[in-house]
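In the UniProt record's numbering, the protein residues as written are 1 to 597.
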């Protein structure tokens, strides 16, 4: 019997919130009415998260809540891994996430040293970072079909190994053109860990654990842009910029080593796993681990499994997913503006603080610039602590009543704090106040970025759990679009209008972008039923056309016509708990089905 994720979630929340049997009966009745509606991110059952109840592993006696999703009985299922095993695999992912932006911002501190060597202006040399930021978008989109087809581990391994090679190439680049080319390839290959994080978290952790793990994952790639320049600025006091990049190559070497030692494949096909016996987990094998790293094992499985989508199918799913308003609104209209100003600050902060006071700067040394990076790191760490507490609080108190969109409420206090921080930065630079104002404002902006990204990521992961990699790719792409574009107009805008006006306008944009979050909550609450009905209508039309074509082919066979091709015997699609045929691309939260016909 298939078990609905939505039902498990609501029952678990109610069991935790009620203390008496009478209250349990009351809330269970209310939960039944909620789960029967079209609301909720887990209204439909997916064959990768449901198993036969007769073969489910028994929960420990101390466990009071059902596990969501239900794991299979296979010990190779990542959901059945031990706590240490899960966090070791997550730890192998973290360095790659940190180095994705760490690598690009590492080079923002060497512009003053590169300009005289290449006989260029500092502003011209600073453009070398833009192509790398831009290529993170295509790199992330390409990594999704690869990790869905061949597995997470080989994509993670090759992305780190290639990034190491291109970092070495940038270290020995003879001129600006070759250096920029290496930096561009760094951005293209290094974006995969940021995209795969949501998928790996979905593969290994249960529903109630995901928000905290998403918070850790988001903190890692949002902390990287500040930790990289901090270390680079300190190193430049003793060594040149080429040796500085050699140290960066060493960090990538550590990342590759951690993937090799701690990494494991989390992509697991649960279809039919309900009948697998609970024998011991497959014994570790060095040869098999090497095959997993190189992608040979994943390539073999694609030949023997029909459940893994082709790269073209995944690409079409990516485009289809972007048409969902509850994905497009919070990513394109909210994530892009808030990350735009964050990346703009970290890319141009040296041009604000290094010039002398007579030129409108603060006269910082490279050591002072390095110490200033403590401010955004502190803001990010505070947002990490805040996210652990506040996201769990929202889920416990409001998830059963308001549904998944209650997670988006965490964006509002963060946006308010970030808008104030942008105004403080603008006024501090305009009036040349104490650098303390700049540090406090920067910390508030970074707090806003992580707190908002965690809320959006957790919401999308709950709504679209089976499309975690695809949603992560779009989330990263919109973040990259904002970061790529801001580098080209940030300093010109400040020079033309002044810091107070430009940063004040940025604060207005951030507050206005919060309207996209409110619109998402309203659409989620009011229009989910209409959206699902529209898709079901298109599905019915496509199914009718398919039935007509099948009957026509059968009739042609009876009449002996040779002009028509023979029908292909496709495998029968799986059926949901409600008996509705599910296509290969199914969105649990909104009834999205395959309408390709």
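Glycine included, each C-beta is placed from N, C-alpha and C at the ideal position.
(1) List the endpoints of the continuous alpha helix (DSSP H) containing residue 316.
(2) Give the C-beta separation of residue 96 and residue 159 to the nearest angstrom, bearing in mind that I take them to be a contact with Cβ-Cβ under 8 Å.
(3) Kindly indicate which three-state DSSP category residue 458 falls into: helix, strand or coil?
(4) Is the separation between the beta-carbon of residue 122 and that of residue 104 shorter than 7 Å?
(5) Where does residue 117 fall in DSSP's three states?
(6) Jot down the residue ranges of each uninterrupted alpha helix (DSSP H) in the region 102-151, minimum 4 residues, whole runs only, in chain order.
(7) For residue 425, does the three-state DSSP call read helix, strand or coil?
(8) Using a 10 Å radius around the Cβ and a threshold of 16 neighbouring Cβ atoms, would you call residue 215 buried or exposed?
(9) Give me the Cα-Cα distance between residue 505 and residue 337, rounded to the nearest whole angstrom.
(10) Measuring CB to CB, does residue 199 end up less than 7 Å from residue 469?
(11) Spatial neighbours of residue 669 within its chain, please: CB distance less than 7 Å, with the 5 preceding and 5 following residues excluded, ordered by chain position.
(12) Would you mind reading off the limits of the alpha helix (DSSP H) that contains residue 219?
(13) Just to confirm my understanding: we take residue 230, look at its own chain, exclude 5 residues before and 5 after, and list those with CB closer than 6 Å. What are they?
(14) Alpha carbon to alpha carbon, how far is residue 489 from residue 71?
(15) When you compare only the Cα positions, how much space is there between residue 55 and residue 68?
(16) So which of 461, 402, 494, 339 has the shortest CA-CA distance to residue 452?
(17) Leaving out the 5 sequence neighbours to the left and right, which residues in its chain are closer than 6 Å to residue 482 when beta-carbon positions are compared?
(18) DSSP three-state label for residue 39, please.
(19) Please report the straight-line C-alpha distance between residue 486 and residue 351, rounded to a whole angstrom.
(20) Should the region 380-396 be regarded as contacting the region 407-425, the criterion being three or more beta carbon pairs within less than 8 Å?
(21) Can you tell which of 376, 401, 460, 411 has the C-alpha that lies nearest to the C-alpha of residue 425?
(22) What do you get for residue 144, buried or exposed, if any count of 16 or more other CB atoms within 10 angstroms of its CB means buried?
(23) Could you tell me whether the region 144-158 touches the region 304-316, where touching means 3 or more Cβ pairs closer than 8 Å?
(24) Closest to residue 298 by C-alpha separation, out of 152, 126, 324, 466, would be which residue?
(25) Please classify residue 515 as buried or exposed, where buried requires at least 16 other C-beta atoms within 10 Å of its C-beta.
(26) Have a look at residue 276 and residue 161 and give me their C-alpha separation to the nearest angstrom.
(27) Tell me the rounded alpha-carbon separation between residue 244 and residue 235.
(28) For residue 171, I'd like the list of residues in its chain whose CB is within less than 7 Å of its CB, leaving aside the five on either flank, ordered along the chain.
(29) By DSSP, does residue 343 sit in helix, in strand, or in coil?
(30) Look up residue 264 in the DSSP assignment and say whether it is helix, strand or coil.
(31) Applying the criterion that 16 or more other CB atoms from any shown protein chain within 10 Å of the CB defines a buried residue, is residue 290 buried or exposed?
(32) In chain order, what residues of the same chain lie with their CB nearer than 7 Å to the CB of residue 88, ignoring the 5 residues before and after it?
(33) Quick check on residue 68: does DSSP put it in helix, strand or coil?
(34) Assign residue 307 to one of three DSSP states: helix, strand, or coil.
Checking against the coordinates, here is how it stands:
(1) Per DSSP, residue 316 is one residue of the alpha helix (DSSP H) stretching across 311-322.
(2) 7 Å
(3) helix
(4) no
(5) helix
(6) 111-118, 122-125, 129-150
(7) helix
(8) buried
(9) 12 Å
(10) yes
(11) Shown here, the chain extends from 1 to 597; a query on residue 669 therefore has no answer.
(12) 207-235
(13) Cβ contact annotation for residue 230 (same chain, cutoff 6 Å, sequence separation greater than five): 370, 373, in chain order.
(14) 50 Å
(15) In this predicted model, residue 55 has a pLDDT of only 40, less than 50, meaning its place in the structure is not dependable enough to derive any value.
(16) 339
(17) 336, 339, 340
(18) Confidence at residue 39 is low in this model, with a pLDDT of 35, below 50, so its placement is unreliable and no value can be given for it.
(19) 15 Å
(20) Result yes; three or more Cβ-Cβ pairs closer than 8 Å.
(21) 376
(22) buried
(23) yes
(24) 152
(25) exposed
(26) The predicted model places residue 276 with a pLDDT of 46, which falls under 50 and marks its position as unreliable; any figure quoted below should be read in that light. Distance between the alpha carbons of residue 276 and residue 161 is about 36 Å.
(27) Going by the C-alpha atoms only, they are around 6 Å apart.
(28) 242, 245, 246, 249
(29) helix
(30) coil
(31) Looking at its Cβ environment, which holds fewer than 16 other Cβ atoms inside 10 Å, residue 290 is exposed.
(32) 262
(33) coil
(34) coil
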